[in-house]
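Q:
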Amino acid sequence: MKTLLTRKHRFHYAHRNTKMIGDKCEALHGHTAHVDVVLVNDTKGKAVGIPFEQADSIITPVMKRLCHSLIVWEEDEVYKLLKHLDYMKFTILPVESSAENITAYLYNTLTNLGLPVHKIIFRETPSSEIHYPVNL
Ligand SMILES: [Zn+2]
């Protein structure tokens, strides 16, 4: 039997959207992300598919690496200015650090670690969320 299993995590981060010129999101700012990691949970005839602790043993380290980091595009001038500071914690992306790209980063990272990720639901604020992937 297949079900969907959701593990809820959160982390704090800073970022900016360099392409949103003149918008408040161009400035460096922070969020507390609430992330739903939705997994395909195949019980394969047993009572339990993926134990929650097993899923979290993979998800939690990823969230901890992101927590209190500056999630930044590798070409961002802010990164180039700050990267020499030892006390800074960076998560460097090859793309802009938009909520959409952070969501895709989480999906790809957790999938590459072997989790059967169905979807990532990423809430940058309580009223805005990104779902990835989608088949539209
Ligand atoms: Zn933001």
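Taking our numbering, the leading residue of the sequence shown gets 2, the next gets one more, and so forth.
Glycine is no exception: its CB is placed at the ideal position from the N, C-alpha and C atoms.
Please read all numbers here as calculations on a predicted model, not as lab measurements.
1. What is the C-beta distance between LEU40 and VAL96, in whole angstroms, given that I count them as a contact (C-beta under 8 Å)?
2. Residues with a Cβ closer than 6 Å to any heavy atom of ligand 1, in chain order?
3. Rounded C-beta distance between ALA56 and LEU114? I'm assuming under 8 Å.
4. If you drop the 5 nearest sequence neighbours on each side, which residues of the same chain put their C-beta closer than 8 Å to that of LYS47?
5. What are the uninterrupted segments assigned as alpha helix (DSSP H) that are 4 or more residues long and contained completely in the segment 11 to 96, given in chain order?
6. Using the three-state DSSP reduction, which class does LEU111 fall into: helix, strand or coil?
7. Going by DSSP, which residues form a beta bridge with LYS133?
8. Here's the rule I'm using: 16 or more other beta-carbon atoms within 10 Å means buried, otherwise exposed. How should ALA100 be labelled?
9. Would THR104 be called buried (16 or more neighbouring beta carbons within 10 Å of its own) or exposed?
10. Going by DSSP, what residues sit across from LEU6 in a beta bridge?
11. Do ALA34 and GLU125 come within 8 Å of each other at the CB atom, strictly closer than that value?
A: On the basis of the coordinates in this document:
1. Taking the first residue of the sequence shown as 1, we reach residue 40 at position 39. Taking the first residue of the sequence shown as 1, we reach residue 96 at position 95. Not confirmed; about 25 Å, so no contact.
2. Contact residues of ligand 1 (beta-carbon closer than 6 Å to any heavy atom; chain order) are HIS16, CYS26, HIS30, HIS32 and GLU125.
3. Position 55 of the sequence shown, counted from the first residue, corresponds to residue 56. Position 113 of the sequence shown, counted from the first residue, corresponds to residue 114. The distance from the Cβ of ALA56 to that of LEU114 is about 11 Å, inconsistent with a contact at the 8 Å cut-off.
4. Locating residue 47 in the sequence shown gives position 46, counting from the first residue. Excluding sequence neighbours, LYS47 sits near nothing in its chain.
5. Listed in chain order, the complete alpha helix (DSSP H) runs (minimum 4 residues) inside the segment 11 to 96 are 53 to 67 and 78 to 83.
6. Translated into positions along the sequence shown, residue 111 becomes position 110. Helix.
7. Position 132 of the sequence shown, counted from the start, is the residue given in the question as residue 133. Rather than Lys, the amino acid found at residue 133 in this sequence is Tyr. Paired residue(s): ILE121.
8. Numbered from 1 along the sequence shown, position 99 holds the residue referred to as residue 100. With 16 or more Cβ atoms within 10 Å of its Cβ, ALA100 is classed as buried.
9. Within the sequence shown, residue 104 is the residue found at index 103, counting from 1. The C-beta of THR104 has 16 or more other C-beta atoms within 10 Å across all chains shown, which makes the residue buried.
10. Position 5 of the sequence shown, counted from the start, is the residue given in the question as residue 6. LEU6 pairs with LEU40.
11. One-based indexing of the sequence shown puts residue 125 at position 124. One-based indexing of the sequence shown puts residue 34 at position 33. With a cutoff of 8 Å on beta-carbon distance, GLU125 and ALA34 are scored as near each other.
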